[in-house]
Amino acid sequence: MLERELLDPNYWITGVETEIYAQDQLDFVWANKISVDWNRDAIASFVTTQFPQLKLQVKEEQNSWKLSFNLLDSLGTIDQLVSSLQTRQLKAQVIFSSNVDVDILPLNANKGKAVQYLQNKLGIAANRTLVCGDSGNDISMFQQPVYGVIVNNAQLELIEWYQAHADEHTILRKIPMRAAFLRLCTSLSLFLNNQLGPIKYKTPKSVPPA
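According to the numbering used here, the sequence shown holds residues 33 to 242 in order.
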């Protein structure tokens with residue numbers, strides 16, 4: 033943040049949206065909310081012993097509400113994992129992104145729900161919310177009734193979701209990074225001044241430069 037001279041945010045949503053911080057203080061209300069029915073130890077024991085095709089990521093990538101792995105095998109492993117967790121009544125969700133990352137989270141934790149939580153906490157209306165993302169674990173944000181921007185270097189799984197499901201409130205910016213940043217700043221200015229209306233592209237595959 034300091035190196036890029038960016039503004040310090042009021043809130044951080046981190047760890048695939050399992051942790052919310054107000055500056056350096058963990059939001060324990062959110063933590064308690066997502067802890068319901070979450071049995072991390074049981075899930076960790078089961079997955080690490082029964083799924084050798086999933087390699088546990090480094091310690092720094094783990095937290096109390098997130099188990100993160102690298103996929104070493106085919107995509108079919110993901111379906112097997114989801115089915116096995118359900119069969120054993122281990123309540124969790126599995127998020128696959130970037131063609132390799134597998135995150136196991138509580139059922140109540142994802143980016144969309146984290147955004148909703150802060151909207152309610154801070155009294156921010158959905159039509160005053162703008163989200164940006166680049167991978168599959170961002171999909172839950174774009175499923176909310178908010179404005180969304182998918183960046184130019186987005187992962188394939190997010191592009192495919194956009195082509196199949198996006199509505200007029202979500203746009204795909206197919207322009208270079210610096211230009212995208214300037215366009216986003218302009219859009220944000222219009223958005224904050226209530227001048228940004230619904231944006232709709234009927235054919236996602238041929239979205240023109242903004």
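Yeah, the Cβ is synthetic: ideal placement off N, Cα and C, and Gly gets one too.
Note that the structure is predicted; figures quoted are calculated from it, not measured.
The Cβ neighbour count for Glu51, taken over all protein chains shown within 10 Å, is at least 16; the residue is labelled buried. Comparing C-alpha distances from Asn159 to each of Asn184, Gly108, Pro177 shows the shortest one belongs to Pro177. Note that the C-beta distance between Gln125 and Leu139 is below 7 Å. With respect to the C-alpha of Gly168, the residue from Gly155, Trp62, Ala157, Val132 having the closest C-alpha is Val132. With 16 or more other CB atoms across the displayed protein chains lying within 10 angstroms of its CB, Gly165 is buried. Counted as a single uninterrupted DSSP element, the alpha helix (DSSP H) harbouring Ala76 occupies residues 72-82. Beta-carbon to beta-carbon, Asn95 and Gly47 are separated by about 5 Å, close enough to satisfy the 8 Å threshold. Spanning the alpha carbons of Trp97 and Gln187 requires a straight line of approximately 24 Å.
The C-beta of Thr119 has fewer than 16 other C-beta atoms within 10 Å across all chains shown, which makes the residue exposed. Rounded to whole angstroms, the Cβ separation of Leu104 and Ala76 is 17 Å, and the two are not in contact under 8 Å.
Counted as a single uninterrupted DSSP element, the stretch harbouring Asn102 is not any alpha helix (DSSP H) but the beta strand (DSSP E) occupying residues 99-103. Going by DSSP, Ile203 is part of no alpha helix (DSSP H) but of the beta strand (DSSP E) stretching over 202-204. In the DSSP annotation of this structure, Ile182 is not part of any alpha helix (DSSP H); the continuous beta strand (DSSP E) holding it starts and ends at 179-182. When the Cα atoms are used, Glu49 and Lys145 turn out to be separated by approximately 8 Å. The beta carbon of Gln82 is closer than 8 Å to those of Ser116 in its chain, skipping five residues each way along the sequence.
When Gly180, Leu154, Gln175, Ile171 are compared, the shortest CA-CA separation from Leu162 is found for Gly180.
In the three-state DSSP reduction, Gly165 falls in the strand class (E or B). Around the Cβ of Asp69, a 10 Å sphere holds fewer than 16 other Cβ atoms; the residue is exposed.
In the DSSP secondary-structure assignment, Lys87 is bridged to Asn102.
Distance from the CA of Asn42 to the CA of Gln55, rounded to the nearest whole angstrom, comes to 6 Å. Under the DSSP definition of a beta bridge, Trp44 partners with Tyr53.
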